Amino acid sequence: MKSPVSGLRSYLFGIRHHGPGCSRSLAAALERLRPDILLVEGPPEGEEVLKLAADAEMKPPVALLVYPPEKPDSAVFYPFASFSPEWIAVQYSLKNDVPLRFMDLPWKHRFALDEQKETAEPTDSDKTDEIGVEQNVEKSFEQEIVDDPLAVLSRAAGFDDSETWWEQVVEQSRNESLEIFTGILEAMTALRQRIADPSAVEKTDETPPVFSPRRHEAQREASMRQMIRQAIKDDFQTIAVVCGAWHAPVLNVLVEDETVRKLIPSQKDDETLLKGLPRTKIMATWTPWTFSRLAYRSGYGAGVAVPGWYEHLSTSPDRAVIRWISRAARLLRAESLDASSANVIETVRLAETLAALRSRPMPGIVEINEAMLTVLCHGEPSPLQLIRNRLETGYRIGSVPASAPAVPLLRDIESEQKRLRMKVSEEIVTLDFDLRKDTDRAKSRLLYRLNLLGVPWGILQQNMVRSTGTFHEFWQLQWQVEFVVRIIESNTLGSTLVAAVTGAVQKRAAEATSLPELTALIDAAIPAEISPTALEDLLDRLKNEAAVSSDLSGMMQTLPPLVDILRYGNVRGTKTEHVEQVFDALFERILIGLAPSCGTLDDDAAERRVQDINAVHSALQLRGHTEQTSAWYAVLALLTRNDAVHGLVRGRCSRILYESGTISEEELSTTLSLALSPALESIKVAQWIQGFLHGSGQMLLQFDPLWTILNAWLCTLDEDVFTELLPLLRRGFSEFSAPELRMMGAKVKPLSVTKTGETVVFPSQSSVLSTAETRVNLKRIELVLPMLRKIVNKVGDNRLKESH
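Going letter by letter, the sequence shown gives residues 1 to 804 in my numbering.
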């Protein structure tokens, strides 16, 4: 390394990523110092697309997307907001034609190291490299510094919350001198001197180098120092280094303080650490980003708590509090909520008072929220949550120029979105498509196709579709920035949307191992309107699989999606002859195999078989095929008469036959008498009842013979048997709706009470119960009466107070 020339100046700007105070101070410092090169912490691969940041179409928040073409799912993002210090440095570089270099460890090495980490066995140094379980207080404190240095500094300053401390000291600061960066550097230097130097790693001659978290961090910092040394070697006189505050102390290669120099490895040590690193091919581009992804609650490690507030601080240097609360009031008024000017004034006063009581120079977001909750929101948390969602985070999504590098598939999807005027937004939006209109049908087709690519931009609201007919679809849309990565991954399937969807369908069809999987795929492929050839291949695959499948349950669960295709597929003009053939073939096999399969079922298998029967029955009702329906009822009738069949299945089949009109009330009464005979085991009777009661409770309310027989059977049970069967019976009644349960309660409500010895007889309101008497032990009732009176009196007092 060449010796520094006379007059060389190097400035370290240790910043917090996405800090508006750091951005403001950095912008002022750069204008004052006028450096002739900027070194910014970031991916060196991103320099190729750096000039696009000057394009008028580039609007933050955006992110640099770096990924290996062979493995796009490993992609990483480098977000930038308008208030990010790194973005300020980039804009200064482009505006003043000053060279800028990103100086992190290149991702061509980092991705390769990550791959080695996945395949390599952990070594002893890996296991002991990080400070794990603390052995003493000293070690625990060291680990705390490494994990969250700002928390240590804020606690030393008397703050419980590092966000509040940093906002007050840095983000709200109006001091635009270099002193703020000097203070940050001194604080971080003290912390790094306090701990065992994380840059100190074991020297090793192994090739490839061993991966470990501490070693990886050391390699990053070594790469940064090498970039600084290279800038010095290239004869730049004024060098500005913009990096995370934690790294700043070990990047000061020109420092003369011997104490600080101990933190900084030599150039030879750095060269040794970076020697022989593996590499792989890397691509980089710009992609839109969102405020919600800038928030650390999204999982972003360098995120901030309130990106909307931080942007406000950067754009409103004066009277930030008043402007923010005024924006909140306008938002509430737009939602038809009360928010007067007097409320705004009182909210500002309360926020300033809270800040003064807490010895803070100006209200922060904590004081503002407390004041808005008290005054502007009248103590109601819901309006405050609305403000936090819309203002603190919001649904802001950036944009990038069309000239940014992108895979052909992404450009094709963006073109389709633009043609159909479907705006990309992170806000949840519900759209109603009328499939009789060409534009709406095209929008629906786009969403179906994206879903097949694993990009669920829209979620179909199934309950709303069925309730509004076959011509309407309701979709809930919400864009996520990760969708870009999935689209890049899908580019290997085809360079256009149609080709990629066709490839995705063919791939999933080849990987499918069951009939329900194939049927669900067809159900999604038909509205996506894939090519006729691909659809025919998919139907042939389903037909062949159905011919050899022995999974009766899978075949039964396949019928509902198939009948949906038959009934609703024609809305899109899809030919369904092949689907009819598959449906008919599966149904024939179900008719043949259902009765033999129900002979030896345990309780769990019986519950699954009832679900299968329900699926087939609902499919036949939608199909409306008379011959198939008659054949189905004939098989169910056989099951009801077979005592070897599980009671749950026989009960459900009996219910279906009666509701369909296949058996009369007299025949049902006979069936009930036989099924609830006292000669049968109580557990089998209870299972039959559970199966019969499955579904609506109207049968029990309207068919009086069922009520009478069931009541008589319950009265014959011994106490121990009743206790044993109670969970099973309650499970059957739990499916009824609340109104049905209330009507049942009214049906057994007593009209009068007659004492007979030590028992009380409750006559029933219903004539069908006149032959049965429910006898209750009077002595046992008297035990609970005192407490019952207290409860009733308490409820009555409360209602009396409410009425006043």
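By construction, the Cβ of each residue, glycine as well, lies at the ideal position given by its N, Cα and C atoms.
A quick note: this is a predicted structure, and the numbers were derived from the prediction, not measured.
ask   = What does a CB cutoff of less than 7 Å around Arg194 pick up in its chain, not counting 5 residues either side in sequence?
value = Ile145
ask   = Whose C-beta lies closer than 8 Å to the C-beta of Lys281 among residues of the same chain, with five residues either side of it excluded?
value = Pro68, Pro69, Glu70 and Lys108
Nearest residue (CA-CA) to Thr670, options Ser654, Ile791 and Lys684 = Ser654
query = Taking DSSP as the reference, what is the three-state secondary structure of Thr513?
reply = coil
key: Test item: CB-CB of Leu446 and Glu473 under 8 Å   = no
request  = List the DSSP bridge partners of Trp286.
outcome  = Leu64
request  = Select from Pro516, Gly19, Lys443 and His646 the residue whose C-alpha is nearest the C-alpha of Ile180.
outcome  = Gly19
message = Let me check one thing: in DSSP terms, what residues is Phe433 bridge-paired to?
response = Glu473
task = Classify Ala334 as buried or exposed, calling it buried when 16 or more other Cβ atoms lie within 10 Å of its own Cβ.
result = exposed
request  = Pick out whichever of Glu427, Gln506 and Phe471 has its Cα sitting closest to the Cα of Leu453.
outcome  = Gln506
key: Rounded distance between the beta-carbons of Ala528 and Leu591, thought under 8 Å   = Incorrect: roughly 32 Å between the Cβ atoms, too far for contact.
inquiry  = Please return the same chain residues whose Cβ sits closer than 7 Å to the Cβ of Thr393, not counting the five positions on each side in sequence.
reply    = Phe291, Ser292, Ala295, Pro307 and Gly308
ask   = Rounded to a whole number of angstroms, what is the C-alpha to C-alpha distance between His694 and Ala547?
value = 32 Å
query = Would you call the CB atoms of Ser23 and Phe83 closer than 8 Å?
reply = yes
ask   = In the region 482–511, which residue ranges form an unbroken alpha helix (DSSP H) of at least 4 residues, counting only runs that do not cross its ends?
value = 483–490 and 497–511
request  = Determine the burial state of Ala63: buried for a count of at least 16 other Cβ atoms within 10 Å of its Cβ, exposed for fewer.
outcome  = buried
message = In the DSSP assignment, the alpha helix (DSSP H) including Ser10 goes from what residue to what residue?
response = Taken as a continuous stretch (DSSP letters only), Ser10 belongs to no alpha helix (DSSP H), being part of the beta strand (DSSP E) at Arg9 to Ile15.
query = Is Gln478 near the ligand COA, judged by its Cβ being under 7 Å from some heavy atom?
reply = Of ligands this structure carries none, so the ligand COA is not represented either.
key: Simplified DSSP state of Leu805, which is helix, strand or coil   = Beyond the ends of the chain as shown, which are 1 and 804, falls residue 805; an answer cannot be given.
ask   = Residue range of the alpha helix (DSSP H) that Tyr78 falls in?
value = Not the alpha helix (DSSP H): Tyr78 falls in the beta strand (DSSP E), residues Val76 to Phe80.
request  = Taking only the alpha-carbon atoms, compute the straight-line gap between Val518 and Arg390 and give it to the nearest angstrom.
outcome  = Just to set this straight, residue 518 is Leu in the shown sequence, not Val. Their backbone Cα atoms lie some 42 Å apart in a straight line.
ask   = DSSP puts Cys377 in a beta bridge; with which residues?
value = In DSSP, Cys377 forms no bridge with anything.
request  = Closer than 6 Å by C-beta to Leu594: which residues in its own chain qualify, once you throw out the five before and the five after it? Chain order, please.
outcome  = Val635
key: Range of the contiguous beta strand (DSSP E) that encloses Val241   = Thr238 to Gly244
request  = Find out if the Cβ-Cβ distance for the pair Tyr448, Ser425 is shorter than 8 Å.
outcome  = no
query = Just to confirm, are Leu251 and Met224 a CB contact at a threshold of 8 Å?
reply = yes
key: Neighbourhood of Phe80 by C-beta, 7 Å cutoff - its chain only, sequence neighbours within 5 removed   = Pro60, Pro61, Val62, Ala63, Glu86 and Trp87
ask   = Which residues mark the beginning and the end of the beta strand (DSSP E) in which Phe159 is found?
value = Run containing Phe159: none; DSSP gives neither H nor E here.
The region 25–44 contacting the region 234–252, beta-carbon criterion three pairs below 8 Å = yes
query = Rounded C-beta distance between Thr353 and Leu376? I'm assuming under 8 Å.
reply = So it is not a contact: roughly 15 Å between Cβ atoms.
request  = May I have the straight-line CA-CA distance separating Pro786 from Leu778, to the nearest angstrom?
outcome  = 14 Å
query = If we call anything under 8 Å between Cβ atoms a contact, is Trp166 one with Leu150?
reply = yes
inquiry  = When you compare the CB positions of Ala329 and Leu350, do they come within less than 8 Å of one another, or not?
reply    = no
query = In this structure, what does DSSP give as the bridge partners for Leu39?
reply = Arg101 and Val241
key: N- and C-terminal bounds of the alpha helix (DSSP H) containing His312   = Pro307 to Thr315
query = Hey, is the region 261–272 in contact with the region 46–53, meaning 3+ C-beta pairs nearer than 8 Å?
reply = no
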